[in-house]
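Numbering-wise, the sequence shown is residues 14 to 451 according to this note's numbering. For each residue, glycine too, the CB sits at the ideal point set by N, CA and C. What follows is a short report on a single structure.
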Amino acid sequence: MTKQAFSVAQEDAQVGRELVPAGALEEMPTHVKARPIPRISIQAFCENASTAGVLQAATGDRRLAKSHVSVHMGGASAAVAHYHESPTPNLIVIETTLPRTQMLSELDRLAECCDAGTKVVVIGHTNDVVLYRELLKRGVSEYLIAPVTPLQLIESLSNLYNNPDTDPVGNVIAFIGAKGGVGSSTVCHNTAWAMSEILKSNVVVADLDLAFGTTGLDFNQDPVQGIAEALQSPERLDEVLLDRLLTKCSEHLSIFAAPVVLDRDYEISADACDLVLEVVRQNVPYVAVDLPHTWTPWVKRVLFQADEIVITAAPDLANLRNAKNLIDLLKLNRANDGPSHLLINMAKTPKRPEISAKEFAVALDITPTQVIDFDSETFGLASNNGQMIEEFAAKAKSAQQFRELALTLTHRREQKEEKKSSPLTSFAPFLEKLKLKR
Ligand SMILES: Nc1ncnc2c1ncn2[C@@H]1O[C@H](COP(=O)(O)OP(=O)(O)OP(=O)(O)O)[C@@H](O)[C@H]1O
Ligand SMILES: [Mg+2]
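Dropping the structure here:
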């Protein structure tokens, strides 16, 4: 079923308009781009307890969830003794406090017992360019200077297995409601759409609400196949099959639609879900996951593994309690990640008493990323039309808020005014010359 039948005249559409001029965007410098590390074995040999602690902390990170990490003490000499007896893993991390010559000779001894294909990362305590070059010459993959943070370590390891310049960033952004019906899917779809239009980057909306999902309806599509086929046999999913199962909605946005039929049973396994999202991530720069309001092992896994999380809550007590439980659990399990984003939706609903954004902020220790007002007319008509708010009413306040959320989630910001061409820019070379002459 598509919504052509409902079609209401488009009042305020500005299709083809550039939402934010692409040239006016810049990436936030603080954005960490570490990607998941594959299913490899990593063994570390540390000298200091603090470095061992950093490795332990990194081990608990979502990006290392698939790798098998073991941490030992004793540094390079313990590693040499160990690998004389046992085969080497995919990656060895050695911490050493030895001076340059001794360090190099220990590493030469280690190289003698290293199997082909084993990578070595060294954590040293001296900032020495000559040493760095010598290490690279010997085939060491990376030299890090202590102290390192868990995130620095994760980023370096990630760069060994993903090329940060060429591989797609493959960000997974998970959207969940603190309660059912609070507008989480609407937020997911509108934000994903804004992301695709602003960045001109491919975005996939993966609808994991298999029985009741609204992605097809919201984008006015009625695909025959979609995400359920992928989840049924995830091991078969590759780039070609993915292409067949996606439904293209605009130049840069495709949906991985839910079947929304009730004569099937849907049992999603956490592993299948993980595999499917991994394939999508490897092929598309941004994946917006529309999660249903349920609590299952696979929902938990998606949330723990996502790059960003948006929790949508309506401003009442049950939403506040649920949002707090979610935020606390996520904080505990994602120690190296930034906090989840809280979006308060349907604020200022007429005649309904509500908990203010300020009170939410105090109780949850999180400033809401956006507070979207209740606007039944705009949301209702856009939804019945199978359109995004931006397409239906570009001047609506919520359209701007979805654009802002899209920028926040993709770590972009609009460049500051002075960087844009000002009337003075054309005089800049002359002004420079004048300055030189003085
Ligand atoms: N700010 C808003 N003002 C008015 N209506 C809204 C607003 N946000 C969403 N809605 C409407 O609320 C309804 C529920 O939205 P949606 O399906 O996105 O919620 P959900 O949290 O995904 O629900 P579910 O728990 O069923 O997955 C939709 O009809 C949507 O158009
Ligand atoms: Mg939903």
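Distance between beta carbons of residue j and residue i, contact taken as under 8 Å
| i | j | result |
| --- | --- | --- |
| Y174 | L223 | About 32 Å; that fails the 8 Å criterion. |
| D220 | A270 | 6 Å |
| R416 | E39 | Not confirmed; about 16 Å, so no contact. |
| A65 | M86 | 6 Å |
| P102 | Q56 | 5 Å |
| A326 | I357 | 6 Å |
| P381 | L339 | P381 to L339, Cβ: 14 Å. No contact. |
| K337 | A376 | 6 Å |
| P247 | V293 | Their Cβ separation, rounded to whole angstroms, is 11 Å, which puts P247 and V293 out of contact at 8 Å. |
Residue i to residue j span [Cα, whole Å]
| i | j | result |
| --- | --- | --- |
| L422 | T139 | 37 Å |
| D128 | G137 | 23 Å |
| L255 | Y299 | 15 Å |
| A92 | A124 | 11 Å |
| F343 | V134 | The question names Phe, but residue 343 is Leu in the sequence shown. About 30 Å. |
| S263 | L304 | 22 Å |
| W311 | Q245 | 14 Å |
| P163 | L68 | 7 Å |
| R257 | A370 | 43 Å |
| V323 | A395 | 22 Å |
| T228 | P51 | 31 Å |
| S154 | E108 | 14 Å |
| E98 | L212 | 52 Å |
| Q17 | I402 | Model confidence at Q17 stands at a pLDDT of 44, short of 50, so the residue's coordinates are unreliable; what they give is reported in the following sentence. Their backbone Cα atoms lie some 17 Å apart in a straight line. |
| A47 | V297 | 16 Å |
| G193 | Q318 | 22 Å |
| D287 | D74 | 16 Å |
| S282 | L104 | 30 Å |
| I53 | E291 | 16 Å |
| N398 | R277 | 28 Å |
| P366 | S389 | 17 Å |
| I189 | P100 | 44 Å |
| L32 | E210 | 7 Å |
| D141 | A348 | 32 Å |
Contact test: residue i Cβ vs ligand 1 heavy atom, cutoff 7 Å
| i | result |
| --- | --- |
| P305 | yes |
| T72 | no |
| F373 | no |
| V195 | yes |
| F225 | yes |
| F387 | yes |
| T204 | no |
| A208 | According to the sequence displayed, residue 208 carries Met and not Ala. Checking every heavy atom of ligand 1 against the Cβ of M208, none is found closer than 7 Å. |
| A198 | The question names Ala, yet the displayed sequence has Ser at residue 198. Yes, the beta carbon of S198 sits closer than 7 Å to at least one heavy atom of ligand 1. |
| N358 | yes |
| G229 | no |
| S396 | yes |
| F317 | no |
| G190 | yes |
| T131 | no |
| F415 | no |
Of the residues the options, the one placed nearest residue i, counting alpha carbons only
| i | options | result |
| --- | --- | --- |
| Q295 | V216, A124 and K337 | V216 |
| L170 | A91, I379 and V106 | V106 |
| K261 | A283, L244 and Q238 | Q238 |
| T391 | V384, P381, D378 and A406 | A406 |
| K410 | H44, D287, G399 and Q383 | Q383 |
| S461 | V302, E242, P160 and L275 | This structure cannot speak to residue 461, because the chain is shown only from 14 to 451. |
| K132 | L144, Y156, R277 and D141 | Y156 |
| V185 | P236, R122, R314 and W308 | R314 |
| L120 | Y145, R151 and P102 | R151 |
| V274 | D251, G226, S267 and H306 | G226 |
| L117 | D178, L149 and D378 | L149 |
| P328 | V195, I158 and H306 | V195 |
Near ligand 2: residue i beta-carbon under 7 Å from a heavy atom
| i | result |
| --- | --- |
| T421 | no |
| D251 | no |
| S63 | no |
| D222 | yes |
Any chain B beta carbon closer than 8 Å to residue i
| i | result |
| --- | --- |
| A270 | Within the model displayed, chain B is absent; a lone protein chain is all it includes. |
For a minimum of 4 consecutive residues, which ranges assigned as the alpha helix (DSSP H) are wholly contained in the region 100 to 134?
113 to 125
Length-filtered (4 minimum) alpha helix (DSSP H) runs lying within the region 268 to 327:
283 to 296 and 310 to 318
Can you check the region 27 to 62 for any alpha helix (DSSP H) of at least 4 residues that lies completely inside it and give the ranges in chain order?
none
Ignoring anything shorter than 3 residues or poking outside the region 185 to 226, list the beta strand (DSSP E) runs there in chain order.
216 to 220
Could you give the uninterrupted runs of the alpha helix (DSSP H) lying entirely in the region 319 to 386, keeping only those of 4 residues or more?
Listed in chain order, they are 330 to 346 and 370 to 377.
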